[in-house]
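Visitor: Quick note: to get the numbering used here, add 1385 to the position in the sequence shown (first position is 1). All C-beta atoms, glycine included, are put in the ideal place defined by N, C-alpha and C.
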Amino acid sequence: MRQEEKERRGDVRTGQREIDRNFRQFDGPYYQGVRSDYLGTQTPQIQRQYDKSSGKLSAMLADRGVLNSSIAGNAFGDLERTRTEATGRATNEAFDAENAFRDRVEKSKSNLYSLNQAAADPKMIAAQALGQTTALTPPQSTSQLGDLFGNVLAPFANFARADAYNPAGGRVRSFFAPSSGGGSSAVYK
1386 MRQEEKERRG DVRTGQREID RNFRQFDGPY YQGVRSDYLG TQTPQIQRQY DKSSGKLSAM
1446 LADRGVLNSS IAGNAFGDLE RTRTEATGRA TNEAFDAENA FRDRVEKSKS NLYSLNQAAA
1506 DPKMIAAQAL GQTTALTPPQ STSQLGDLFG NVLAPFANFA RADAYNPAGG RVRSFFAPSS
1566 GGGSSAVYK
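1) Roughly how many whole angstroms lie between the Cα atoms of Q1513 and P1524?
2) Consult DSSP for S1559 and reduce its assignment to one of helix, strand or coil.
3) Exposed or buried, F1561, counting other C-beta atoms within 10 Å across all chains shown (16 or more means buried)?
4) With a threshold of 16 other CB atoms inside 10 Å of the CB of T1519, please say whether the residue is buried or exposed.
5) Based on Cα-Cα distance, which residue from D1412, A1539, E1403, V1419 lies nearest to T1476?
6) Rounded to whole angstroms, what's the CA-CA distance from R1489 to K1508? Just pull it up for me.
7) For A1447, count the other beta carbons within 10 Å of its own beta carbon; 16 or more makes it buried, fewer makes it exposed. Which is it?
8) Output the boundary residues of the alpha helix (DSSP H) element that contains F1486.
9) Return the chain-ordered list of same chain residues with a C-beta closer than 8 Å to the C-beta of R1393, the five sequence neighbours on each side being excluded.
10) Does the separation of the CB atoms of Q1427 and E1478 fall below 9 Å?
11) Is the CB-CB distance between I1438 and L1533 below 9 Å?
12) Identify which residue in S1443, R1402, E1389 has its Cα closest to the Cα of A1511.
13) Please classify T1467: is it buried, with 16 or more other beta-carbons within 10 angstroms of its beta-carbon, or exposed?
14) Under a three-way DSSP split, which group does F1541 fall into?
15) DSSP on T1522, reduced to helix/strand/coil?
16) Provide the residue span of the alpha helix (DSSP H) that contains R1433, from first to last.
17) Helix, strand or coil: how does DSSP classify L1452 here?
18) Spatial neighbours of P1563 within its chain, please: CB distance less than 6 Å, with the 5 preceding and 5 following residues excluded, ordered by chain position.
19) If you count every other CB in all the chains shown that lies within 10 Å of the CB of A1503, and 16 or more means buried, which is it?
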């Protein structure tokens, strides 16, 4: 009985070494790479949308003649704040993806340790560990981001659209008399 238990313990230790050897690749730098890869797909999308929205905003503000005004400063501040928030969300999602993957790896490893204790079969455990580490793939961020900056551009786009449908003729209205205020007219013969 003692000899069998001694052999069993040796098999369990051998199985544990096989698990550890196969899971060695999942270390700190590996998980940081998961986070970096996730961010690497999100950050360029945010920057492209920001650049495009910044150009549109500049054009709309210049068209209204307020590009160097406090209105423009506020609008560009809103645009920058939205970019910062989007980048922060992407960073948080990248950390969440990293942590979720780390949890999956640890759960898989823990399940193998339990199986190893029950089976005490190092060859079977080595094959299981290799299979599970091969099957574990980090999450991929393949989703396209929605329109991040539409809420910043909307007021200016709506103004331009409303101005185009203005009965006074859009931007030409400044050439006409004001529609409110005082004044009189008289016809003399």
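Guide: The relevant details are as follows:
1) For Q1513 and P1524, the distance between alpha carbons rounds to 22 Å.
2) With a pLDDT of 40 at S1559, under the threshold of 50, the modelled position of this residue cannot be trusted; read the value that follows with caution. The answer is helix: DSSP assigns S1559 an H, G or I state.
3) For F1561, the predicted structure reports a pLDDT of 34, less than 50, and the residue's modelled location is therefore unreliable. A value from the coordinates is still provided. F1561 is exposed by the Cβ-count criterion.
4) In the assembly as shown, T1519 is an exposed residue. Its beta-carbon has fewer than 16 other beta-carbons within 10 Å.
5) Nearest C-alpha to T1476: V1419.
6) Cα to Cα, R1489 sits roughly 23 Å from K1508.
7) Its Cβ having fewer than 16 others within 10 Å, A1447 is exposed.
8) Unbroken alpha helix (DSSP H) run through F1486: 1455-1504.
9) Correct list, in chain order: A1505.
10) Pairing Q1427 with E1478 gives a Cβ-Cβ distance under 9 Å.
11) What sits at residue 1438 in the sequence shown is Ser, not Ile. Cβ atoms of S1438 and L1533: closer than 9 Å.
12) Cα-wise, what sits closest to A1511 is R1402.
13) With 16 or more Cβ atoms within 10 Å of its Cβ, T1467 is classed as buried.
14) Correct three-state label for F1541: helix.
15) In the three-state reduction of the DSSP assignment, T1522 falls in the coil class.
16) Here the alpha helix (DSSP H) through R1433 covers 1413-1449.
17) Reduced to three states, the DSSP call for L1452 is coil.
18) Unreliable placement is indicated for P1563, whose pLDDT of 45 sits below 50; the coordinate value is still reported in the next sentence. If we look at P1563 and ignore the five residues flanking it on each side, it has no Cβ neighbours.
19) Classification for A1503: exposed.
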